[in-house]
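Residue numbers (my numbering), protein chains in the order written: chain D, 1 to 583; chain F, 584 to 1055.
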Ligand SMILES: Nc1ncnc2c1ncn2[C@@H]1O[C@H](COP(=O)(O)OP(=O)(O)OP(=O)(O)O)[C@@H](O)[C@H]1O
Ligand SMILES: [Mg+2]
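If you want it as structure tokens, here you go:
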């Protein structure tokens, strides 16, 4: 069907003559066939958000419908790619069109290459949506499970033998009640519709991040949701990059949504060089990037997080633990606001459309730990971590507030910590994780039996330290009793030698849970030892050992062996000073 | 886009602020360039910001004063706005519309480019890492600028940001590549006095010969103010990515720019956001700032220093805040330092160049550690100052007093420098060492590895290895 443009205003185009088209249908706009999506329909008039620059479009130019919703292509070859917000492969586009992104460029999302395919079914097998019909070694780190698309059910009629196939080749033919269906290595899925699963499960395992304050104080579960709000320069992007690098997900989808081009370049140049601490393989071999930077078309920015989460769900369906980072959801919300404004919708708070909170909820709702479709009850998960960029760093604004009502983990970035260059600038006083209770079991079993008790103790020292610091500002530290000054001292050790973590230091950048535990444990033991020394009548200055502090402050930078040696030495010194230290 | 023949209309229905609403138009393109003939026969230009069946909304660059609905004629030129570019624009002064105002003849264009540019493909970017020297110690030493970086200057009214901008424009260079360096200086909404200050300085010092000046005065049309930074970035991109020259763009003042944008948005009756600025201010600013960077395989670079005045020194003001959200760090000018007579009054504590870790890998091996140590020592000095306010300076311990002295010396000798004083990086770094040696006990230098101390600390260097501070 073909309609005609009747109005152009920024990224929104109005067209008539489109009766029979659907909401969210993809259309090609103008003579250059720019990609767009119908976002409002009134009779035969449609409002279209256009994913490319609309400069030069004129009323009267044609609008073609495509009959399909905005979709992504799913299949082998997604890993290691960098896409724009509507899944156009940016590397390919650069090869073909040059350094700048022109309008109207088209490129297939999946690589034109063949894959070595191993079938897992044989003729006569009964299969349903979600079943694995074969496997492909997609990268060194990822085995791509070729899935029966949701909704298909039947008997395998024929299977191609093991061998090399492209994404378009038919590999399995299925006899279904509505006839024969040919399955290829790829499938399509509309981005705005969540991919189905069998059953949602409660989270049980932590996503290990390697960031001490997160794993120890505010852990996130695999399949969980977290928000990282913070003013500019407080460390959202560095934290998201840290998660993308070191978290123990099998697949990482990183969505750069309306942020800087250089940050995507940073990922592109560093990830292939960095090794996954668990497998030793380049991190890029498990990573998919979606880059819709701040100067790329704003409507495609709105689509980018849906594109990202659909890719994440696809790998979840294979039984993987997927982690999705979105930096920044505020820029997505602004894109929503801009399009809504151009549509003349009635604005809600701060000009955002009234459905902002619903859209955010729908997005985070796509996270979760699930039993995947298919007959074998695989478990997969999608963890979602969204950065939020509140204007003026003020958390009372609508995007932060709507997000906090949905997510289960809140990592609050604190401007004043960032200003003091305390990084990660995560506030230990206002952040929370609603998973810490359920995840304690895992840490007790896998790291240390007293993990939970230690955590409580560290939390309460930090809490007390902050109360005391307020007091110190009024009356000075000298006026405090020795015991309180000890708390201040230990609080400082916890802040500087435990919570602080330099993302740019080769060793400190990643702290495995055992190391995290050992540092915390040492500081808490020191607290106990010093505090009983105080009870025995010693004075604080007598028992404050610069030597202990010196080693402690170096611990986090030490490679494994050196770390263990230094820890042993530290224990020795403590023993000499305080006698037997409880452990 | 197909380029169509010009179309001529006399059907202006309404004049609203800088906007004209023209009726009965046919197939006018979004973003199309427009010539407006005013009732007195004067020519103006504009572009289409909305187009529909039978109407178009035109933004007039020169403003709409004296335009009436009856006699004004509007011609749609059938193409989006393109400006002529050429190497010969270097050394020239233009207004916000791209017309030469230096009395010299126009240049012969090599090409015509769309002022809105195109987004750089993120896969084509090269991560900024090479040093650009400003000759300012507080920047080069403490907040190193990289080629391709965007690093704003946050300032307040009455602070000497114009002097500093001028000094940077004059001094900035890529060491070793001095001849392939151009400054594009865009001034939006500046006063006539400031204009004179800049033009005189550029001419007097000879800096103009390697610069392009784009000037939009406070009483020039607001639509030109929107246009000026795009003009600057278009020239910069052309020089950097076609001619492969290193370009430093300085844009002042982005607050005036954004106020211009707000004015136009109000005329369009758009939903106002924070403090009346349009909701798309972030995207709009990004469409300017993100045009800087480096491209793989090209020798040139576009580096950007936008200058933003913080009304009432308010850092949460939307223009400041959103600039911070887009750029790669910030340099703060500080009123207290200014009142103490320190020039440039750069407060290094809240300032940060986010790309510094990378840049200092390629400058001098002690740079990163030294600057960390200077930062830590100065931060400590501030703590001691605050403490001294409570307990009095006499009650300070000897070790604390030393930091107090360090803080003062750091401000007076390291941060403070002459308007004419161009310090090269090694001078800046050596000066930093000298201050540490004078005031900070060696055992306090915990941020610097031993081997670096032994190589660079004045105590271990042969006499004469450290240049005298008095002779730059
Ligand atoms: N964990 C860390 N270790 C060391 N430095 C850090 C860390 N986190 C942040 N930083 C410092 O803070 C700077 C800003 O961090 P980042 O870019 O993540 O901020 P942001 O919150 O994403 O800001 P914006 O909203 O402007 O994008 C970094 O360039 C780095 O210098
Ligand atoms: Mg960021």
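Idealized CB from N, CA, C, for every residue including glycine.
For residue 715 of chain F, the residue or residues it bridges with in DSSP: DSSP output for residue 715 of chain F lists F:728 as bridge partner(s).
Contacting positions in the stretch 595-621 of chain F - beta carbon closer than 8 Å to chain D: From the stretch 595-621 of chain F, only 609, 610, 611, 612, 613, 614, 615 have a Cβ closer than 8 Å to chain D.
Residue 327 of chain D CB to nearest heavy atom of ligand 2 below 7 Å: Yes, the Cβ of residue 327 of chain D comes within 7 Å of a heavy atom of ligand 2.
Own chain partners of residue 223 of chain D with C-beta closer than 7 Å, once the 5 adjacent residues on each side are dropped: So the qualifying residues of the chain are 203, 367, 368, 369, 381, 382, 383.
Members of the stretch 259-291 of chain D near chain F, C-beta cut-off 8 Å: For the stretch 259-291 of chain D, the beta-carbon criterion of a distance under 8 Å to any beta-carbon of chain F is satisfied by 260, 261, 262, 264, 265, 266, 268, 269, 291.
Under 7 Å from the C-beta of residue 876 of chain F: neighbouring residues of chain D: Residues of chain D passing the Cβ test: 261, 262.
Same chain only: Cβ atoms within 6 Å of residue 586 of chain F, ignoring 5 sequence neighbours per side: Any reading at residue 586 of chain F must be qualified, since the residue scores a pLDDT of 48, below 50, and its modelled position is unreliable; no value is offered.
DSSP bridge partner residues for residue 947 of chain F (one or two, in chain order): Answer is none; residue 947 of chain F lacks a bridge partner.
Sub-8 Å separation of residue 323 of chain D and residue 252 of chain D beta-carbons: Their beta carbons are under 8 Å apart, which means residue 323 of chain D touches residue 252 of chain D by this criterion.
Exposed unless 16 or more other CB atoms sit within 10 angstroms - verdict on residue 919 of chain F: Its Cβ having fewer than 16 others within 10 Å, residue 919 of chain F is exposed.
With 16 other Cβ atoms within 10 Å as the buried cut-off, status of residue 314 of chain D: Residue 314 of chain D counts as buried, since no fewer than 16 other beta carbons sit within 10 angstroms of its beta carbon.
Check whether residue 862 of chain F and residue 345 of chain D have beta carbons under 8 Å apart: Between residue 862 of chain F and residue 345 of chain D, the C-beta spacing is not below 8 Å.
The stretch 533-547 of chain D contacting the stretch 505-512 of chain D, beta-carbon criterion three pairs below 8 Å: Proximity of the stretch 533-547 of chain D to the stretch 505-512 of chain D falls short of the contact definition, fewer than three beta-carbon pairs being nearer than 8 Å.
Beta-carbon proximity of residue 1012 of chain F to residue 953 of chain F, cut-off 8 Å: For residue 1012 of chain F and residue 953 of chain F, yes; Cβs fall inside 8 Å.
Any heavy atom of ligand 2 within less than 5 Å of residue CB: hits in chain order: Chain-ordered list of matching residues: D:236, D:237.
Contacting residues, own chain, Cβ-Cβ under 8 Å from residue 352 of chain D (five flanking each side not counted): For residue 352 of chain D, where only same-chain residues beyond five positions count, the Cβ hits under 8 Å are 333, 336, 337, 340, 398, 399.
Test: residue 636 of chain F CB closer than 8 Å to a CB of chain D: Answer yes: the Cβ-Cβ gap between residue 636 of chain F and chain D drops below 8 Å somewhere.
Span of the alpha helix (DSSP H), counted from its first residue to its last, around residue 246 of chain D: Looking at the DSSP string, the run of the alpha helix (DSSP H) that includes residue 246 of chain D is 236-246.
Within chain D, partners of residue 706 of chain F - CB distance below 7 Å: Correct list: 82, 90, 91, 94, 268.
C-beta neighbour in chain D for residue 815 of chain F, strict 8 Å: Output row for residue 815 of chain F: interface = no.
Cross-chain neighbours of residue 351 of chain D in chain F, by beta carbon under 7 Å: The contacting residues are 854, 856, 862.
Contact set between residue 293 of chain D and chain F, taken where Cβ atoms lie within less than 9 Å: Under the 9 Å cutoff, chain F gives 702, 703, 705, 869, 873.
At least three beta-carbon pairs within less than 8 Å, the stretch 434-448 of chain D to the stretch 258-267 of chain D: Contact between the stretch 434-448 of chain D and the stretch 258-267 of chain D is absent: fewer than 3 CB-CB pairs across the two stretches fall below 8 Å.
For residue 647 of chain F, the three-state DSSP class (helix, strand or coil): Looking at residue 647 of chain F - three-state DSSP - the assignment turns out to be coil, as it is neither helix nor strand.
Secondary structure, alpha helix (DSSP H): runs of 4+ residues fully inside the stretch 202-286 of chain D: Within the stretch 202-286 of chain D, the alpha helix (DSSP H) runs of at least 4 residues that lie entirely inside it are, in chain order, 236-246, 261-270.
For residue 117 of chain D, three-class secondary structure by DSSP: It is a strand residue.
Near ligand 1: residue 195 of chain D beta-carbon under 7 Å from a heavy atom: Residue 195 of chain D: no, Cβ never under 7 Å from ligand 1.
Cross-chain neighbours of residue 6 of chain D in chain F, by beta carbon under 7 Å: The contacting residues are 635, 636.
Nearest neighbour of residue 30 of chain D, chosen from D:41, D:39, D:20, D:8 [CA to CA]: Checked all of D:41, D:39, D:20, D:8; the closest Cα to residue 30 of chain D is D:8.
Coarse secondary structure for residue 88 of chain D, derived from DSSP in three states: Here residue 88 of chain D sits in coil by DSSP.
Simplified DSSP state of residue 917 of chain F, which is helix, strand or coil: Three-state DSSP puts residue 917 of chain F in coil, outside helix and strand.
Residues near residue 551 of chain D in its chain [Cβ-Cβ closer than 7 Å; skip 5 each side]: 566, 569, 570.
Contact set between the stretch 904-915 of chain F and chain D, restricted to residues whose Cβ is under 9 Å from the partner: Correct list: 904, 905, 906, 907, 908, 909, 910, 911, 912, 913.
Of the residues D:437, D:140, D:6, D:463, the one placed nearest residue 285 of chain D, counting alpha carbons only: Of D:437, D:140, D:6, D:463, the residue nearest in Cα terms is D:140.
Residues within the stretch 651-667 of chain F neighbouring chain D, beta-carbon criterion of under 7 Å: Those would be 663, in chain order.
Residue 695 of chain F - containing beta strand (DSSP E), residue span: If you look at residue 695 of chain F, you'll find it in the beta strand (DSSP E) that goes 694-697.
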